[in-house]
Amino acid sequence: MSQRNLEALDVGAIREAFPILQREFNGEQLVYLDNAATTQTPDPVIDAMSDYYREYNANVHRGIHHLSQEASIAYEEAHDRVAEFIGASGGREEIVFTKNTTEAENLVAYAWGLNELGPGDEIVLTEMEHHASLVTWQQIGKRTGAEVKYIRIDDDGRLDMDHAADLITDDTAMVSAVHVSNTLGTVNPVSDLVDIAHDHDALAFIDGAQAVPNRPVDVEAIDADFYAFSGHKMAGPTGIGVLYGKKAVLEAMQPYLYGGDMITKVTYEESTWNDLPWKFEAGTPQIAEAVGLVAAIDYLEDIGMDRIEAHEQELARYAYEQLGAEPDVEIYGPEPGPDRGGLVGFNLEGVHAHDLASIMNDHAVAIRAGDHCTQPLHDKLGVAASARASFYVYNTTAEIDELAVAIDNARQLFA
Amino acid sequence: MGLGSDMYRQQILDHYKNPRNYGELEDPTFTHVGENPMCGDEIRMDVQLADDGETIERVAFRGDGCAISQASASMLSGELAGTTLAELHEMDRDDVIDMLGVDISPMRVKCAVLAEKVAQDGAEIYQGDLDVDKTTTED
Ligand SMILES: Cc1ncc(COP(=O)(O)O)c(C=O)c1O
Numbered sequence: 001m002s003q004r005n006l007e008a009l010d011v012g013a014i015r016e017a018f019p020i021l022q023r024e025f026n027g028e029q030l031v032y033l034d035n036a037a038t039t040q041t042p043d044p045v046i047d048a049m050s051d052y053y054r055e056y057n058a059n060v061h062r063g064i065h066h067l068s069q070e071a072s073i074a075y076e077e078a079h080d081r082v083a084e085f086i087g088a089s090g091g092r093e094e095i096v097f098t099k100n101t102t103e104a105e106n107l108v109a110y111a112w113g114l115n116e117l118g119p120g121d122e123i124v125l126t127e128m129e130h131h132a133s134l135v136t137w138q139q140i141g142k143r144t145g146a147e148v149k150y151i152r153i154d155d156d157g158r159l160d161m162d163h164a165a166d167l168i169t170d171d172t173a174m175v176s177a178v179h180v181s182n183t184l185g186t187v188n189p190v191s192d193l194v195d196i197a198h199d200h201d202a203l204a205f206i207d208g209a210q211a212v213p214n215r216p217v218d219v220e221a222i223d224a225d226f227y228a229f230s231g232h233k234m235a236g237p238t239g240i241g242v243l244y245g246k247k248a249v250l251e252a253m254q255p256y257l258y259g260g261d262m263i264t265k266v267t268y269e270e271s272t273w274n275d276l277p278w279k280f281e282a283g284t285p286q287i288a289e290a291v292g293l294v295a296a297i298d299y300l301e302d303i304g305m306d307r308i309e310a311h312e313q314e315l316a317r318y319a320y321e322q323l324g325a326e327p328d329v330e331i332y333g334p335e336p337g338p339d340r341g342g343l344v345g346f347n348l349e350g351v352h353a354h355d356l357a358s359i360m361n362d363h364a365v366a367i368r369a370g371d372h373c374t375q376p377l378h379d380k381l382g383v384a385a386s387a388r389a390s391f392y393v394y395n396t397t398a399e400i401d402e403l404a405v406a407i408d409n410a411r412q413l414f415a
Numbered sequence: 001m002g003l004g005s006d007m008y009r010q011q012i013l014d015h016y017k018n019p020r021n022y023g024e025l026e027d028p029t030f031t032h033v034g035e036n037p038m039c040g041d042e043i044r045m046d047v048q049l050a051d052d053g054e055t056i057e058r059v060a061f062r063g064d065g066c067a068i069s070q071a072s073a074s075m076l077s078g079e080l081a082g083t084t085l086a087e088l089h090e091m092d093r094d095d096v097i098d099m100l101g102v103d104i105s106p107m108r109v110k111c112a113v114l115a116e117k118v119a120q121d122g123a124e125i126y127q128g129d130l131d132v133d134k135t136t137t138e139d
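Dropping the structure here:
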């Protein structure tokens with residue numbers, strides 16, 4: 001990687017596009033470090049969505065009138081833009097819009113899992129799965145009789161790939177793995193995992209919720225059968241997520257939701273399904289959100305995904321150094337480097353993560369505290385909760401200094 | 001950035017660091033547990049009633065979790081001694097917040113009231129009016 005040659009971000013200019021960052025609480029300026037939960041939205045995205053409502057709001061697909069035509073073109077082309085962004089050469093047919101990553105996971109679990117799985121089949125997950133995939137496949141396993149197995153993580157928070165190679169066998173029907181862990185920050189070797197899955201004729205679902213926002217992602221280089229992410233974690237709006245699926249795989253799948261737009265011909269007795277991707281998009285979709293997602297992709301690509309990745313790595317490294325220098329701070333996950341993303345999960349000894357987050361909030365520093373939707377992983381780490389600081393394009397090392405000061409305040413209060 | 005904090009006043013921190021009535025009772029009239037799994041807060045409370053079967057004589061608790069939940073349990077364990085079960089049942093979240101003497105942010109109310117709910121549910125179970133294994137204030 002030649003990241004050293006990448007031009008650093010002009011964070012000052014970037015921040016101007018995010019009016020929310022100017023908010024103050026009790027006279028202190030917001031320090032927003034909860035980006036792994038939801039990122040803030042830049043003006044171009046807000047403007048694109050308000051233009052949609054001001055200029056061409058209408059229902060899609062079925063209208064003859066001008067507004068519906070404009071809305072339909074924008075909505076349909078949004079699929080093409082997303083396909084281009086993640087390297088899906090099949091174009092719009094491989095891009096299904098969902099509500100979020102969670103719904104993308106459920107779509108595959110219901111439409112594929114319930115129909116294809118049964119006793120004797122195995123679903124292989126990782127110990128660091130988000131509940132979005134863990135709970136979903138666990139429950140599909142219960143309903144179908146398929147067994148769920150978990151690839152171990154080692155003491156550094158990396159996947160044990162030898163264990164993966166043992167666990168994935170010809171009985172494995174699905175491997176579902178998180179690309180970047182939202183708790184440990186680990187960047188998993190997903191293309192290696194996909195290769196192992198394919199060696200055994202299993203399908204592979206990659207949860208890219210924490211990867212697509214902050215690094216170049218090429219779904220075909222990974223060779224994933226399914227890949228999912230959420231708009232609201234990548235400078236886009238809430239209410240829209242993406243399920244990428246290989247065309248042949250999606251074609252073979254039954255629908256997930258029934259209703260309008262997903263059909264071609266309907267009689268009182270029978271219905272036939274629309275083409276991809278509309279077969280999986282029943283009812284009026286999230287049109288304004290699709291427009292906003294395109295604006296977010298344009299915005300991020302304008303900055304450059306490789307530069308965003310480098311910026312996050314620098315912030316993660318800085319945070320790791322600032323926080324990790326103190327012996328009473330435990331940081332989870334691998335050391336900074338190419339296989340660690342820009343989020344830092346940690347605990348301050350003697351202070352519950354919720355107390356820490358509350359004290360930070362008193363100083364307008366927004367972090368996350370809790371189980372981050374990875375309860376089994378927290379059990380494994382031996383903690384009930386952890387604190388998490390996560391960064392995006394507009395964050396600075398000065399903000400991490402504020403974080404360190406706030407941690408020190410908590411340390412003194414609880415001493 | 002000052003050191004000041006709205007929620008973490010000296011009294012809260014003191015009860016968290018030096019919990020009162022921490023431990024178990026030898027012969028409790030009833031025992032009940034509460035847990036907020038998402039927070040990881042746990043409280044186990046022992047209550048001993050006087051011979052009248054109505055007045056709370058002693059309370060002890062053990063627990064694990066955030067300062068708000070544990071300080072609340074510590075303070076409540078002192079408050080409850082001498083009150084009646086009827087008075088316990090009348091307590092509500094405002095009484096708990098008054099007892100704590102600080103502003104509790106909305107997201108943390110569930111931590112503050114866990115101990116009170118554990119005591120109330122424990123009493124109701126003892127009186128035969130409720131049937132639960134564990135109390136939670138998380139939903
Ligand atoms: C790794 C990972 N997967 C899935 C999700 C779920 O995303 P959403 O809530 O947008 O469905 C998240 C977000 O919290 C996540 O971090």
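Here the protein sequences line up with chains A and B, keeping their order.
Using UniProt numbering, you'd call the opening residue of the first sequence number 1 and step up by one each time.
Using UniProt numbering, you'd call the opening residue of the second sequence number 1 and step up by one each time.
Even for Gly, the Cβ is constructed at its ideal location relative to N, Cα and C.
Test item: CB-CB of residue i and residue j under 8 Å
i, j, result
"A/A406", "A/V344", "no"
"B/K110", "B/T135", "no"
"A/I308", "A/V393", "yes"
"B/S74", "B/R20", "yes"
"A/F346", "A/L323", "yes"
"A/D218", "A/I95", "no"
"A/R388", "A/L348", "no"
"A/P237", "A/M49", "yes"
"A/T101", "A/G239", "no"
"A/T186", "A/E122", "no"
"A/G118", "A/G145", "yes"
"B/L88", "B/A119", "yes"
"A/Y32", "A/L184", "no"
"A/T38", "A/K233", "yes"
"A/P44", "A/A17", "yes"
"A/L243", "A/A104", "yes"
"A/Q138", "A/V124", "no"
"A/G208", "A/A228", "yes"
Residues that residue i bridges to, as DSSP identifies them
i, result
"A/S181", "According to DSSP, which records beta bridges pairwise, A/S181 is partnered with nothing at all."
"B/M45", "B/H32 and B/F61"
"A/I331", "A/F346"
"A/F414", "Looking at the DSSP assignment, A/F414 forms no beta bridge with any residue, so it has no partner."
"A/G370", "A/S386"
"A/E28", "A/F25"
"residue 430 of chain A", "This structure gives no information on residue 430 of chain A, because the portion of chain A shown stretches from 1 to 415."
"A/S230", "A/G241"
First through last residue of the alpha helix (DSSP H) which encompasses residue i
i, result
"B/V59", "Here B/V59 belongs to no alpha helix (DSSP H); instead the beta strand (DSSP E) covers I56 to D64."
"A/T272", "No alpha helix (DSSP H) holds A/T272; the beta strand (DSSP E) holding it covers S271 to W273."
"B/D6", "Counting along the chain, B/D6 falls outside any alpha helix (DSSP H), and DSSP gives it neither H nor E."
"A/S89", "Careful: A/S89 lies outside any alpha helix (DSSP H) and carries neither H nor E."
"A/A288", "I287 to I303"
"A/K246", "Premise fails: A/K246 is in no alpha helix (DSSP H) and is neither H nor E."
"A/V219", "V219 to I222"
"A/E105", "T101 to V108"
Residue i - containing beta strand (DSSP E), residue span
i, result
"residue 461 of chain A", "In the structure as shown, chain A starts at 1 and stops at 415, and residue 461 of chain A therefore has no counterpart that could be examined."
"A/T98", "I95 to T98"
Environment of residue i [buried if 16+ CB atoms lie within 10 Å]
i, result
"A/I20", "exposed"
"A/Y268", "exposed"
"A/G342", "buried"
"B/P37", "exposed"
"B/G2", "Only weak support exists for where B/G2 lies, its pLDDT of 46 falling under 50; the coordinates are left without a value."
"A/K265", "exposed"
"A/M128", "buried"
"A/A164", "buried"
"A/M1", "Because the pLDDT at A/M1 is just 44, under 50, the model does not fix this residue reliably, and the value given afterwards should be weighed accordingly. Exposed, by the Cβ-count rule."
"A/A398", "exposed"
"A/Q3", "Any reading at A/Q3 needs caution, since the residue's pLDDT is 47, under 50, leaving its predicted position unreliable; the model's value is listed next. Exposed: under 16 other Cβ atoms inside 10 Å."
"A/A221", "exposed"
"A/K279", "buried"
"A/L167", "buried"
"B/M45", "buried"
"B/M7", "buried"
Contact list for residue i against chain E, beta-carbon separation under 7 Å
i, result
"B/A67", "Structure shown: chain E not included; protein chains present are A and B."
Distance between beta carbons of residue j and residue i, contact taken as under 8 Å
i, j, result
"A/Y53", "A/A288", "6 Å"
"A/A369", "A/A384", "So it is not a contact: roughly 11 Å between Cβ atoms."
"B/A123", "B/L85", "5 Å"
"A/Y75", "A/P285", "7 Å"
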